[in-house]
Amino acid sequence: KRLVSMQASTWRELRTRWPAAPTTGWDHWMRLSSTSRGRECVAPRINRSRHANSRGTNVHDNRPFERFSFERTGVDSFGDLSYLLQQSYEVEFGRAVRIAHRQEWPSVWGGRSTQGAAQSWMRSVKSTELLLYTREQYRAIAKPLGIWAESQRATHNGTITLPTEGGGLLVLADRRRCPYLDSQERLGPSPLARPISAVAGASCTSACRDAGGKCDAATLEWGNRCEVMQAHFACEAGCGHQVGPELPAYASSPSLDTYQQCLVSDIAVSQCDAKYTKTRRLCFCAF
1090 KRLVSMQAST
1100 WRELRTRWPA
1110 APTTGWDHWM
1120 RLSSTSRGRE
1130 CVAPRINRSR
1140 HANSRGTNVH
1150 DNRPFERFSF
1160 ERTGVDSFGD
1170 LSYLLQQSYE
1180 VEFGRAVRIA
1190 HRQEWPSVWG
1200 GRSTQGAAQS
1210 WMRSVKSTEL
1220 LLYTREQYRA
1230 IAKPLGIWAE
1240 SQRATHNGTI
1250 TLPTEGGGLL
1260 VLADRRRCPY
1270 LDSQERLGPS
1280 PLARPISAVA
1290 GASCTSACRD
1300 AGGKCDAATL
1310 EWGNRCEVMQ
1320 AHFACEAGCG
1330 HQVGPELPAY
1340 ASSPSLDTYQ
1350 QCLVSDIAVS
1360 QCDAKYTKTR
1370 RLCFCAF
């Protein structure tokens, strides 16, 4: 069981925009920038809900969930929660990133990439340490740390904080999304790239070539937001979440459950050569 609470005004807003075909579930839809609109779910550090079975609608192996700790004793009071108010939260996140000692991974934990290989190092962290990554690299950093590897969770402005057993704090900062990084640490879109709306079934490789340019793989991720997609496609059915290397894309075929949705993904990584006959890609081409 899970308890989700929100203000009545938020519910009235969301219920009118719930898609007819939420094909990957409510949680992915709630994380879309066009749904959250700057709001975030407040969740406990220690899980209070668990999968009751090893099989489910989208659960085929319960072992990844069994690695996590769960709250077992109950909590009488959560104490002073004012630190969760946005202004205080922003100040604390910014401070943590500024004072953090930058580390190179995976060398900092010995270069190993196997499941949980970095946990011994992480447990020993006694100060604030920071690891830079991009979304394309996320699974490579998540697996040795032993955190959820499918996609980033519990993020705030592209930043994940992990308290350690040693009393320190490990900060993971997405170089595209984390606003607290120094300018030289942040990645921006290439000034040489411009967006191209491809025809249905075309890859970004071919769409850019036909326009006289070349697909810029590193810039494709900048189109992976609902607001960017809505600037280039009608998105009549709103935004949705899907999985595929051809995303972000506009569902142009009436045969799709997601017809007229602009589709983005927090799981799949966009690839220049990918294509699907029933969608139109948003490409970034270098000229």
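My numbering puts the first residue of the sequence shown at 1090, with every later residue one more than the last.
Where a beta carbon is used, it is the ideal one built from N, C-alpha and C, also for glycine.
Cβ of residue i within 7 Å of Cβ of residue j?
i       : j       : result
LEU1408 : SER1240 : Because the chain is modelled from 1090 through 1376, residue 1408 falls outside the range shown and cannot be assessed.
ARG1264 : LEU1221 : yes
GLY1333 : PRO1108 : no
TYR1339 : ARG1369 : yes
ALA1097 : ASP1346 : no
LEU1219 : ALA1243 : no
GLY1235 : GLY1200 : no
THR1366 : GLY1312 : no
Let me make sure I understand the geometry here. Which of the options has the alpha-carbon closest to that of residue i?
i       : options                               : result
SER1158 : TRP1237, SER1122, SER1196 and TYR1172 : TRP1237
TRP1198 : LYS1232, ALA1189, SER1166 and ALA1185 : LYS1232
GLU1254 : VAL1186, ARG1224, MET1211 and GLN1226 : MET1211
THR1223 : ARG1266, SER1341, ARG1156 and TYR1348 : ARG1266
ALA1287 : LEU1336, MET1119, GLY1114 and VAL1180 : LEU1336
LEU1258 : ALA1097, GLU1181 and GLN1175          : GLU1181
THR1294 : TYR1269, LYS1364, PHE1167 and SER1123 : LYS1364
GLN1226 : CYS1361, ASP1362, ALA1375 and ALA1357 : ALA1357
GLU1179 : SER1123, TYR1269 and SER1166          : TYR1269
ILE1135 : GLY1163, SER1122, LEU1234 and GLY1114 : GLY1163
GLY1256 : SER1213, ALA1291, ALA1296 and PHE1167 : SER1213
SER1292 : CYS1374, SER1098 and SER1344          : CYS1374
ARG1187 : SER1122, THR1217 and THR1099          : THR1217
ILE1230 : PRO1195, GLY1168, ARG1242 and THR1244 : PRO1195
HIS1321 : ALA1306, ALA1296, CYS1351 and ARG1184 : CYS1351
ARG1106 : GLY1114, GLN1192 and THR1124          : THR1124
CYS1361 : ILE1285, SER1094, PRO1133 and TRP1100 : ILE1285
GLY1183 : VAL1260, ALA1323 and GLN1208          : VAL1260
GLU1193 : HIS1245, LEU1121 and ALA1262          : ALA1262
ARG1228 : SER1209, ASP1355 and GLN1176          : ASP1355
PRO1133 : GLY1168, SER1177 and ASP1299          : GLY1168
In whole angstroms, what separates the C-alpha of residue i from that of residue j?
i       : j       : result
GLU1102 : GLU1325 : 17 Å
CYS1304 : THR1203 : 32 Å
LEU1371 : VAL1317 : 9 Å
SER1341 : LYS1215 : 52 Å
HIS1330 : LEU1170 : 32 Å
LEU1174 : PHE1376 : 44 Å
HIS1117 : ARG1314 : 13 Å
LYS1090 : SER1272 : Confidence at LYS1090 is low in this model, with a pLDDT of 49, below 50, so the placement of that residue should be treated as unreliable; the coordinate-derived value is given next. For LYS1090 and SER1272, the distance between alpha carbons rounds to 43 Å.
ALA1306 : SER1166 : 48 Å
ARG1126 : GLU1160 : 30 Å
SER1353 : MET1119 : As written in the sequence, residue 1353 is Val, which differs from the Ser given in the question. Each residue's alpha carbon lies about 13 Å from the other.
GLY1114 : LEU1121 : 12 Å
GLN1094 : PRO1343 : It is worth fixing the name first, because residue 1094 is Ser in this sequence and not Gln. Cα-Cα distance, rounded: 35 Å.
ALA1300 : LEU1281 : 14 Å
SER1209 : THR1099 : 42 Å
With a threshold of 6 Å, establish whether the CB of residue i neighbours any heavy atom of the ligand NAP.
i       : result
ALA1326 : Absence of the ligand NAP from the depicted structure is noted, as is the absence of any ligand whatsoever, leaving it without description.
- Is the segment 1242-1259 in contact with the segment 1274-1282, if contact means three or more CB pairs nearer than 8 Å? no
| said: Suppose only complete runs of 4+ residues qualify. What are the alpha helix (DSSP H) ranges in the segment 1227-1269, listed by chain order? | reply: 1227-1234
For the segment 1280-1366, which segments carrying the alpha helix (DSSP H) assignment without a break, of at least 4 residues, lie completely within its bounds, in sequence order? 1293-1299 and 1315-1319
Suppose only complete runs of 4+ residues qualify. What are the alpha helix (DSSP H) ranges in the segment 1152-1202, listed by chain order?
1152-1155 and 1175-1188
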